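Contents: one structure, followed by commentary.
In the working numbering, the protein residues as written are 51 to 1043.
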């Protein structure tokens, strides 16, 4: 049907000069604005006109002048749906104005049930006008089918009436499904009841003051009611309403009451209260059937009822000119809702209904609205000014984007987004596969509230909302709603992707959606180039420990203050690498980098456009002449890029922020706390480009194992088995990562046999000036009674030294007991799983701890300078955990107390002695020594071998910088006597020389 196309030329021409044409000034303005808007845009249009100014008639007029092939009108409630359908059926509003007189009328369909099938849509396509509510036509609601292709055209008009009630999610879905149509929203206030704006371009607003001057609105007479003492407020308002009604109806017989209730139950109570004071009122609300509501409205029109009681928006859209006396038993607390409601009684009418009367109790009103109820002239003078103030804000602060590039269910525009200038920087391996337009699939707890693509489709902005249980009330059904911002930007002519996010777990899904696994986070030696070469002064410099923290050396150390670059010591670079830096330039700009996160930031916020400009500046720095060092602090290493391992790894150490508690789901899906992540059986492959081995996660309920492969290029970690996700808990927050993500965010330290370190695919070279102190190597021990090829005796497994000889453990224990004789020293053997050391000596007199780690000589090998003889270095480096620790003594006491660990025993001393020391123990006040007992290490040859010497020197340096002395008890094979079967002793069981 094309009713409006066929008859549009029967309307009078649009002319502002001809005041007798029948058009109101506001209608002419709205029509011209709408026609102009749709000549250059397909975006939704928002029209704001005061209540009573003829919005329904405007919809009819626009249907003609836009030559609609069909019209769809969405009303917020059923009673207004029925009212609008009736008006479109006879076009009487246009006939009364002298604008239209054709006896042929449009075919109108009022949708009373959900449109659920294609046949229903096809049937509606044959109508000129379809009037619905969101519940019947919006696919956001279950059971409603989206319009099939071909049903809607660019000449179809979708009107959303009383648009201030449009729920954001409903509006979004209507826009998506009716995107081909011309979409027009109409309201008396261009902002929602919660005072947020409607997401459509405000193309026309007719000021309320002009409506008053044009006699579209009448002046309100306000009556403030004050209940006395314990007097029932509702009863007092009803009595006041009766008095004013009787006064008005005696002069104006068409006057009727419009009573506002708080809810359905309140509405029922008010009917009885008004009955008691002698007034007959009926209910009109969403709980009543359409027939019941229409019956009460008909009774009102013919005078059987003095008034009606309504709830919320039911009273806002009713076209009943007789309603001139408004009684607010529950005044609306929002300004738009108040304007909509009161507008019902202010409209001019030909009926003899009198001047608008408003009855309310000012004590019920809080906030800004209270001034309206306290001043007599407020309703006439203040409301127009307040509306114009809000509308001006809408005009100046918001612009609308084509809805092809923006989706939003949150009342916020992209212009209002002001991200903090902080971004992680990635490099895309395949720019052709990068797709910012691809939708991300989230779980049901996460929804996209706003989505925009701009800057030539190189910037993606999303706002997500997430429902989650409240951590401190997790057993309840109470949910917490949080919003997060995510911005992705690709500077032109680069492969960089900048990511700003306030929620990493959500951002990881977005990244995967738009780029798959092709995004590689920049390494520390790359991100430092973001600082550029500008003259700068550092406000903050952070140093990240290359090895595990101790009681005396932190995992992370930060220098703060003006010019802190001068406070960094040369020795810092031996234990620390560049962690982060914040510089201030002569221009006043600040810029910082976080090396291990690939992050760059500045202390500022700004619009998306300014954020993109900032990213462009950073990208230019990283595309220039690269230095891979922090400008002005070149001695602090940011590492270097490597394509293969410089030497074989001998130990891999994993540690993480101690503020986080790590948990994993075990095989029974129970949360189990992670104690350690270890690496073993380490080897190199593919020309030293990849490291392989076995990864073991030890947790409270057991352990998880998998073989791994680690490469120096993306994707870095590959695992043979699927491993459970790791949950990082800190206070009320929790992050869930897969094992690969965790290790990328918390890169293990890989100690190389050459003394260097690899961390996060970045190489930190051992300082060339390191030397090995002669005191580190101890060759004074007599090994003549020891089978140096047996570390410890285990009869059950048949592991025993040669007859007449001691194992390495037994030999060490003999020495320690002899040295502790007649002293206060306590000797503890802790050789077991998760050991502190094989032997620990506590000396309360000297306030010292000595940790001994043993390793037997390699079977059928002579003592030599082999790296393999230094395997105990792995355990030695683990001892860093206990250096300066306040818990080391209590941990030892707990282990020996009550014989809880059968293999942890006190060889000399008593448990009570340990307990006594614990009373006032402070770890930082004690000294620490870590000793490797390795009779397979030839000390003289180790000093001559560059690899062994470099590794020992590096370990000594690492331990010294965490506050521990390092010593190696080896052998002087050229002169030493020892027992066992080495290469030169294959034919005898005697001592070797």
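Here a beta-carbon is modelled for each residue, glycine too, at the ideal position from N, C-alpha and C. Computed from a predicted model, the values in this text were never measured in an experiment.
Given residue i as reference, the closest of the options once Cα atoms are compared
i, options, result
"residue 894", "359, 977, 937, 496", "977"
"residue 123", "1009, 100, 182, 1020", "182"
"residue 119", "779, 486, 175", "175"
"residue 957", "212, 879, 103", "879"
"residue 752", "743, 762, 770, 721", "721"
"residue 1002", "966, 918, 941", "918"
"residue 127", "187, 141, 201, 200", "187"
"residue 511", "628, 657, 573, 268", "657"
"residue 58", "115, 108, 78", "115"
"residue 993", "885, 318, 131, 826", "826"
"residue 350", "333, 340, 339", "333"
"residue 479", "852, 570, 296", "570"
"residue 202", "191, 228, 192, 212", "228"
"residue 695", "810, 754, 1007, 92", "810"
"residue 832", "735, 762, 856", "856"
"residue 834", "865, 165, 849, 99", "865"
"residue 1051", "652, 646, 638, 284", "Residue 1051 lies beyond the range of the chain shown here (51 to 1043); nothing can be said about it."
Length of the line joining the Cα atoms of residue i and residue j
i, j, result
"residue 256", "residue 581", "53 Å"
"residue 55", "residue 117", "4 Å"
"residue 416", "residue 380", "Confidence is the limiting factor: at residue 416 the pLDDT is only 48, short of 50, which leaves the residue's position unreliable and the question unanswerable from this model."
"residue 72", "residue 149", "6 Å"
"residue 703", "residue 596", "10 Å"
"residue 275", "residue 337", "30 Å"
"residue 497", "residue 729", "40 Å"
"residue 553", "residue 348", "56 Å"
"residue 859", "residue 951", "18 Å"
"residue 578", "residue 679", "6 Å"
"residue 177", "residue 53", "9 Å"
"residue 769", "residue 778", "20 Å"
"residue 424", "residue 378", "Bear in mind that the predicted position of residue 424 carries a pLDDT of just 46, short of 50, making it too unreliable to give a figure here."
"residue 776", "residue 748", "12 Å"
"residue 961", "residue 943", "7 Å"
"residue 88", "residue 305", "42 Å"
"residue 532", "residue 484", "28 Å"
"residue 469", "residue 795", "23 Å"
"residue 508", "residue 144", "49 Å"
"residue 640", "residue 714", "40 Å"
"residue 565", "residue 572", "16 Å"
"residue 353", "residue 205", "43 Å"
"residue 669", "residue 974", "45 Å"
"residue 441", "residue 238", "Its pLDDT being 49, under 50, residue 441 is placed unreliably in this model, and the value from its coordinates should be taken loosely. Looking at the two C-alpha atoms, the distance is approximately 11 Å."
Residue environment, residue i, which counts as buried when at least 16 other CB atoms sit within 10 Å
i, result
"residue 882", "exposed"
"residue 546", "buried"
"residue 711", "exposed"
"residue 968", "exposed"
"residue 448", "Because the pLDDT at residue 448 is just 40, under 50, the model does not fix this residue reliably, and the value given afterwards should be weighed accordingly. Label assigned to residue 448: buried."
"residue 254", "buried"
"residue 741", "buried"
"residue 244", "Any reading at residue 244 must be qualified, since the residue scores a pLDDT of 43, below 50, and its modelled position is unreliable; no value is offered."
"residue 446", "At residue 446 the pLDDT is 44, less than 50, meaning the model places this residue with poor confidence and gives no usable figure here."
"residue 907", "buried"
"residue 725", "exposed"
"residue 618", "buried"
"residue 539", "buried"
"residue 699", "buried"
Going residue by residue through the segment 664 to 747, where are the continuous beta strand (DSSP E) segments of at least 3 residues, counting only ones entirely within it? The qualifying runs are 699 to 703, 711 to 715, 721 to 735.
Taking only runs that begin and end inside the segment 555 to 639, name each unbroken alpha helix (DSSP H) of 4 or more residues, in chain order. 574 to 577
My parser needs the alpha helix (DSSP H) runs of 4 or more residues fully inside the segment 242 to 314; what are they? 258 to 263, 283 to 301
Restricting to runs no shorter than 3 residues, where is the beta strand (DSSP E) found entirely within the segment 79 to 122? 95 to 98
Can you list the beta strand (DSSP E) stretches of 3 or more residues lying completely in the segment 156 to 224, in chain order? 158 to 160, 179 to 182, 206 to 210
Can you give, in chain order, each stretch of the alpha helix (DSSP H) that sits fully within the segment 769 to 799 and has at least 4 residues? 789 to 795
Please give me, in chain order, every unbroken run of the alpha helix (DSSP H) with length at least 4 that falls completely inside the segment 923 to 978. 938 to 946, 961 to 968
Count the CB pairs spanning the segment 681 to 700 and the segment 626 to 633 that are closer than 8 Å, and state whether there are at least three. yes
Three or more beta-carbon pairs under 8 Å between the segment 127 to 140 and the segment 155 to 162, yes or no? Contact holds: three or more Cβ-Cβ distances are below 8 Å.
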